[in-house]
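Written out below as structure tokens is the structure these notes cover.
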Amino acid sequence: MVTKLLLAATAMAICRLMVTVGLPLAPAELLRLGVDGNISVDASDMEAAAVDFGGTSRAEPLAVLHPASTEDVVKLVKAANGKGFTVSARGHGHSINGQAQAENGVVIEMSVRRREAEKRTSPPRPRVNERERYVDVWGGELWIEVLRAALEYGLAPKSWTDYLYLSVGGTLSNAGISGQAFNHGPQITNVHQLDVVTGRGELMTCSDKENQELFHAVLGGLGQFGIITRARIALEPAPHRVRWIRALYSNFSEFTEDQEYLISLHGEAASKKFDYVEGFVIVEEGLINNWRSSFFFSPRGHPLNISSLAPDGGVLYCLEIAKNYLQSSADTVDQEIEALMKKLNFIAGSIFSTDLSYVDFLDRVHKAELKLRSKGLWDVPHPWLNLFVPKSRIADFDRVVFKGILGNKSSGPILIYPMNRKKFDDQMSLVTPEEDIFYLVALLRSALKGGDELPTLAYLNNQNSQILEFCYGAHINIKHYLPHYGTRHEWMDHFGEKWIQFHKMKMEYDPQHVLATGQRIFPPLFRDGQVSSS
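Laid out in structure tokens, this is it:
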């Protein structure tokens, strides 16, 4: 009886919402789809779906679906095609510009929520094939759970993001990059197979050998062609421990030359290379920046005054590298590291090293998150700017941006590290600069309403605009990572030669523009219950 009353109340709420926004009442039939999961208009669910990690945009959905299976996703997307509403898949909600939002549509909360007390069916847990070294995972599963499942068999995925509390479907819809990408490529090049619910509501299995066009389009495709409900991820034997090393530079050319050297090792030298190469820029010593630079200590255990090493109080650069190893090879890892470090040009005496478990290394950002949450500095606006910068112009970027536009306020980590383009698959939707080596420059900033602790959102947005104006004015062929544009022309320019294929795949797999309208690439065709002419 209670369940019937709750369903009736939910149906009435959805109907009221439909009337309020001028949409037809037909989508209230969502409640009669027969899903095994839960369709919700609960205030907390609606609020979570209306915002994201970026904290700079808001879009009110009509309802939120917590799917229990792929079939639930199929039913919803088919209904969206028939009744004229939009759908967006939301993983961990770590988007930064409203990409996972669905204004006046339905957000599919893909994250796994097991409500044992309600005895609801939940998506499948990760399933590891030890012999063939892969794991099948639900699209909304977090990478931290993928890691835990694989480690039970002594295995682990090859490529990572710095933050593990992201969904598999979310990172595969973008690229999934970190300090391992120079070696293994991004996460999208380490996938064997996908199950995808297309914008037509069709469930399709795709891979390099089956439905190849869809497979390549979805990987890096920003959610435009389908919703990933299952991914088969490649695994490798997991190391036991990691030697995590940082070294400081005051000379940008020496810093980038050393980074490029470390990602170029091949042949016999490659077997002894570092497994992770990143770096970051230090323009201030503040709370937010220090989550990245918190273990700089002198040999006697006293905190190092890193600003004292910068020439005339200028910018410092930190090389961040890691060497994975098995417990059985602990005796040789120091020799390999020493041989590599001798070839680098960091500031003498500025090496800082720590040794930790493989899991602790991969999960390092989550621990920093907990510290920031305790200080109220996590759930704040994040006007991030992530750019791929070609190697030939990275020195110009340093001169104007790091040493100029940013001043002495970073309000968050500024990552910079190179990648090998040959490790990326050009058949996929992701776009990168055309040079053999390009850099990720990620300004991962946080803003508050005011005060001395952090710059304001307006201040950081203005800096981002200055950076982009410089790049465009100087004809630096940057490509946005986690892209966000306001016009069709800008999206066409972003994809360049890939636009024709991208548009073709949209027309084939989501012709009614049901999916991922928060990206603002293809406007919804249904408006106020009618077919739009746009």
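Each residue of the sequence shown is one higher than the one before, starting from 7 at the first, in the numbering used here. Note that CB positions come from ideal geometry on N, CA and C, so glycine has one too.
In this structure, G492 sits near R526, with a CB-CB distance shorter than 8 Å. Within the DSSP bridge table, the entry for V447 names L393 and I422 as partners. In this structure A108 does not touch L178 by the C-beta definition: roughly 20 Å separates them, more than the 8 Å allowed.
Pairing V118 with N470, the inter-Cα distance amounts to about 35 Å. In its chain, beyond the 5 residues on either side, I473 have a beta carbon closer than 6 Å to the beta carbon of V407.
Excluding the 5 residues flanking it on each side, V447 has same chain C-beta neighbours closer than 6 Å at L393, V395 and I422, in chain order.
At the C-beta level, K381 and P424 stay beyond 8 Å of one another. As DSSP reads the structure, M210 sits in a beta bridge with V202. Under the 10 Å beta carbon count, G410 is surrounded by fewer than 16 other beta carbons and is classified as exposed.
In the assembly as shown, I239 is a buried residue. Its beta-carbon has 16 or more other beta-carbons within 10 Å.
The three-state secondary structure of S359, taken from DSSP, is strand.
Put simply, of V520, I484 and N426 the residue whose alpha carbon is nearest the alpha carbon of A187 is N426. For L148, no alpha helix (DSSP H) segment is defined, and its DSSP state is neither H nor E. Following the DSSP letters along the chain, one finds V224 inside the alpha helix (DSSP H) bounded by residues Q218 to V224. Measuring C-alpha to C-alpha distances from P73 to each of Q218, V339 and G145 identifies G145 as the nearest. In this structure A522 does not touch G61 by the C-beta definition: roughly 20 Å separates them, more than the 8 Å allowed. Per the Cβ contact rule, the stretch 241-252 is in contact with the stretch 358-372 (3 or more Cβ pairs under 8 Å).
Annotation note: the stretch 58-126 contains the following uninterrupted alpha helix (DSSP H) runs of length 4 or greater, listed N- to C-terminal: 76-89. Following the DSSP letters along the chain, one finds G479 inside the alpha helix (DSSP H) bounded by residues L463 to G479. In this structure, the alpha-carbon of Y171 lies about 33 Å from that of H495. Pairing L209 with F352 gives a Cβ-Cβ distance that is not under 8 Å.
With fewer than 16 neighbouring CB atoms inside 10 Å of its own CB, M513 falls in the exposed class. In this structure, DSSP gives V47 a state outside helix and strand, which the three-state scheme calls coil. Contact check for Y159 against H246 fails: the beta carbons are separated by 8 Å or more. Residue burial is scored here from C-beta neighbours: Q105 has at least 16 other C-beta atoms within 10 angstroms and is therefore classed as buried.
Distance from the CA of N414 to the CA of V339, rounded to the nearest whole angstrom, comes to 38 Å. Closest in alpha carbon position to V79, among I102, S335 and V113, is V113.
According to DSSP, residue pairing for I411 in a beta bridge does not occur. Taking 8 Å as the cut-off, the beta carbon of A85 is found no closer than this to the beta carbon of S259. Shown here, D499 sits in a helix according to DSSP, grouped into three states. Separation of the CB atoms of P387 and L488 is rounded to 15 Å, and the pair is thereby denied contact status at 8 Å. In the structure shown, R131 adopts coil according to DSSP, grouped into three states. Ranked by Cα distance from E53, the options M498, Y169, R96 and V197 are led by R96.
In the DSSP assignment, S416 is bridged to no other residue. Assigned with DSSP and collapsed to three states, R139 falls in coil, not helix or strand. Between the beta-carbon of D516 and that of T204 there is about 7 Å, and that keeps the pair under the 8 Å contact cut.
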